[in-house]
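Engineer: If you count by mature numbering (1 follows the signal peptide of the UniProt record, and there is no 0), then the sequence shown holds residues -34 to -1, 1 to 410, one letter each, in order.
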Amino acid sequence: MHVNRAGRARSGLAALSAAAVLGAGALAAGPANAAAPETPAAPAPAADCSTAYRIQQTLSGGTTWRMCWHYETAAGLVLDKISYQPKGEAAPIPVLTTAKLAQIHVPYDDGSVEYDDLTGAGFGQGLMPMNPGECPGGTIKTVKVPEAWNPEQADVKGLCVTTKARGHAYRMSEYQENGGIKIREAQGKDLLVYAVNQVGWYEYITEWRFQDDGTIQANVGATGSLSPGDYDAGDGRGWPIGKGAKDYATSHSHNVFWRLNFGLDGSPKAKVEQYDSKISPPARGGSAPSNKTTRTKVDKELAADAKTMRWWRVVSTAGKNKDGHARSYEIVPGPQAKYSGRPFTKHDVYFTNYKKCEQFASNNIPNCGAGGGRSVDKWVNGQTLTHPIVWVNMGFHHVARDEDQQPMPVHWQGFSLAPRDVTAMNPLTPADMADENGQPDQGS
């Protein structure tokens, strides 16, 4: 129960069934998206869903993103059938079959409580309405909230779809024969899709950014208020808030998980690879250290940790770019404050083989059967990866400060998916440089 954080006990959460959780897409999206299927469709001119649940945006650089969306009881916003079509590509390139939050785990430093905000505290039922000003230049879509706390507020104008400038997409200088400098630069543009869910005193902004260069960013921003019920007597596990050192806000963690079901080039049968680089001292007579990068094929389920000069990519088995290179997306974690208190939070990335019942990283609602376990760490058991699911865990340790009141500024945590060989060149390459693939113009 969220007595302290919400200021009141919320009941009925334990009654959420697997059917209610997995079937919420039908309730939200209507017949055109009733099954919320996870089997990727072949590339199509538009996402395969009804108009109300379709997002399609062509950005100023010529890139088009397409996707469907639906809303689930526990997970909240879910994006489906995400495809990317940069200029010069004849058809959309399928990237993700589904993408969603998989848990927000919140343990308190004093050991008194911990919460699973998605599956134990009504995250999905707490969708908040938006003001027009917080979706500048965009559209706020109406969301049907399954099992809303107040049935009269089941239809919420709570999903923002807009575009936003992000600064330089690229910049390069070319020296001219007359001694002048030609500057090539472009300002990048993002498609921004986000919703706000309230859990207790916190409000979580679930944000997805789709860049014109093919990058996908997933972020969660926590804002709202510090809970007045979280103040303690000052046992060293909090921070003094207010006059003197009388009231202490209890420190806690936000461990956010995402679940990614890839469908690169329309197939779920992707491969996973891990890359590690090792720097060695200069060889005898050498002038600089050397650096060797090795590739490891991840054939079995894996619980993995980020390290310096380590990265992973999910590789298509169904398509290649115009250079004949397999398309892939690289996982790029953001700043991490890893929480070691629970087995499922001890690793940064998990690769598991697809199983329909495995939906939430902890306190999983669907029943996975005897021995199935209720958290992602239990699902890494040596199975061969034929249809990999990627779980990304990003932690934030919230030690409160005076500036957290009132209201609390947004603190962000998240990761990126960077395209690697999805296109043969930068998708924003100017037309007069298109012939420089593999052989840049070095000048005269």
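Backbone N, C-alpha and C fix where the C-beta goes; we use that ideal spot for every residue, glycine too.
Model, not experiment: these values are computed from the prediction.
Exposed or buried, Tyr141, counting other C-beta atoms within 10 Å across all chains shown (16 or more means buried)?
Structural biologist: Along the sequence shown, one-based indexing puts residue 141 at 175. The residue in question, Tyr141, is exposed, as its Cβ has fewer than 16 Cβ neighbours within 10 Å.
Engineer: What is the rounded straight-line gap between the Cα of Pro248 and the Cα of Asn257?
Structural biologist: Position 282 of the sequence shown, counted from the first residue, corresponds to residue 248. Position 291 of the sequence shown, counted from the first residue, corresponds to residue 257. So the two alpha carbons sit approximately 10 Å from each other.
Engineer: Quick check: the Cα distance between Gly130 and Phe228, rounded to an integer number of angstroms?
Structural biologist: Here residue 130 corresponds to residue number 164 of the sequence shown, with the count starting at 1. Here residue 228 corresponds to residue number 262 of the sequence shown, with the count starting at 1. Per the sequence shown, the amino acid found at residue 130 is Lys instead of Gly. Their backbone Cα atoms lie some 25 Å apart in a straight line.
Engineer: Is the number of C-beta pairs between the region 335 to 344 and the region 308 to 317 that are closer than 8 Å three or more?
Structural biologist: These segments touch.
Engineer: Is the beta carbon of Gly103 less than 8 Å from the beta carbon of Val165?
Structural biologist: What you label residue 103 is simply residue 137 of the sequence shown in a count that begins at 1. What you label residue 165 is simply residue 199 of the sequence shown in a count that begins at 1. No.
Engineer: Closest to Val280 by CA distance: which of Gly99, Ser382, Pro332 is it?
Structural biologist: In the sequence shown, counting from the first residue as 1, residue 280 sits at position 314. Of Gly99, Ser382, Pro332, the residue nearest in Cα terms is Ser382.
Engineer: Whole angstroms is fine: what's the gap from Gln119's alpha carbon to Leu84's?
Structural biologist: Here residue 119 refers to the residue found at position 153 when the sequence shown is read from its first residue. Here residue 84 refers to the residue found at position 118 when the sequence shown is read from its first residue. Between Gln119 and Leu84, the C-alpha separation is close to 19 Å.
Engineer: Work out the CA separation of Ile59 and Thr30 for me, nearest whole Å.
Structural biologist: Position 64 of the sequence shown, counted from the start, is the residue given in the question as residue 30. Position 93 of the sequence shown, counted from the start, is the residue given in the question as residue 59. When rounded, the distance between both Cα atoms is 10 Å.
Engineer: Which value, in whole angstroms, describes the spacing of the CA atoms of Gly54 and Val388?
Structural biologist: Position 88 of the sequence shown, counting from 1, holds the residue named residue 54. Position 422 of the sequence shown, counting from 1, holds the residue named residue 388. Straight-line Cα distance between these residues: approximately 12 Å.
Engineer: Per the DSSP calculation, residue 416 is bridged to which residue(s)?
Structural biologist: This structure cannot settle anything about residue 416, because the visible part of the chain is limited to -34 through 410.
Engineer: What is the DSSP secondary structure of Phe228, reduced to helix, strand or coil?
Structural biologist: As a first step, residue 228 must be located in the sequence shown, where it is residue number 262. Reduced to three states, the DSSP call for Phe228 is strand.
Engineer: Can you tell me which of the three DSSP states Phe310 falls into?
Structural biologist: Here residue 310 corresponds to residue number 344 of the sequence shown, with the count starting at 1. Helix.
Engineer: Ends of the beta strand (DSSP E) at Leu84?
Structural biologist: The count along the sequence shown starts at 1 and reaches residue 84 at position 118. Counting along the chain, Leu84 falls outside any beta strand (DSSP E), though it belongs to the alpha helix (DSSP H) covering 83 to 86.
Engineer: Which class does Pro95 belong to by DSSP, given the choice of helix, strand or coil?
Structural biologist: The residue labelled residue 95 in the question sits at position 129 within the sequence shown. Three-state DSSP puts Pro95 in coil, outside helix and strand.
Engineer: Let me know the secondary structure DSSP gives Gly(-12) once reduced to three states.
Structural biologist: Taking the first residue of the sequence shown as position 1, residue -12 is located at position 23. Here the model assigns Gly(-12) a pLDDT of 44, short of 50, so the residue's position is not dependable and the matter cannot be decided.
Engineer: Taking the alpha carbon of Ser306 as the point to measure from, which residue in Trp35, Asp121, Thr64, Pro73 has its own alpha carbon closest?
Structural biologist: Within the sequence shown, residue 306 is the residue found at index 340, counting from 1. That would be Pro73, whose Cα lies nearest to the Cα of Ser306.
Engineer: Buried or exposed: which applies to Gly77, given that a residue is buried once 16 or more other Cβ atoms fall within 10 Å of its Cβ?
Structural biologist: Within the sequence shown, residue 77 is the residue found at index 111, counting from 1. Classification for Gly77: exposed.
Engineer: Using beta carbons (cut-off 8 Å, strictly below), is Phe362 in contact with chain D?
Structural biologist: This model lacks chain D altogether, as it is built from one protein chain only.
Engineer: Return the chain-ordered list of same chain residues with a C-beta closer than 8 Å to the C-beta of Pro6, the five sequence neighbours on each side being excluded.
Structural biologist: In the sequence shown, the residue the question calls residue 6 occupies position 40. The predicted position of Pro6 is uncertain, since its pLDDT is 45 and thus under 50; no value can be drawn from it.
Engineer: Is it true that the CB of Thr189 sits closer than 8 Å to the CB of Pro373?
Structural biologist: Reading the sequence shown from its first residue, position 407 is the one you call residue 373. Reading the sequence shown from its first residue, position 223 is the one you call residue 189. Yes; because the gap between Cβ atoms is below 8 Å, this pair is in contact.
Engineer: Thinking C-beta only, is Thr350 closer than 8 Å to Lys266?
Structural biologist: Translated into the one-based positions of the sequence shown, residue 266 becomes position 300. Translated into the one-based positions of the sequence shown, residue 350 becomes position 384. It is a contact, given that the beta carbons lie within the stated cut-off.
Engineer: Please name the residue, chosen from Gly42, Gln153, Glu143, that lies closest to Val111 on a Cα-to-Cα basis.
Structural biologist: Within the sequence shown, numbered from 1, the residue matching residue 111 stands at position 145. Closest by alpha carbon: Gly42.
Engineer: Can you tell me the Cβ-Cβ gap for Trp277 and Ile297, rounded? I've got them flagged as a contact below 8 Å.
Structural biologist: The residue you call residue 277 lines up with position 311 of the sequence shown. The residue you call residue 297 lines up with position 331 of the sequence shown. With 8 Å as the limit, Trp277 and Ile297 qualify as a contact, their Cβ atoms being about 7 Å apart.
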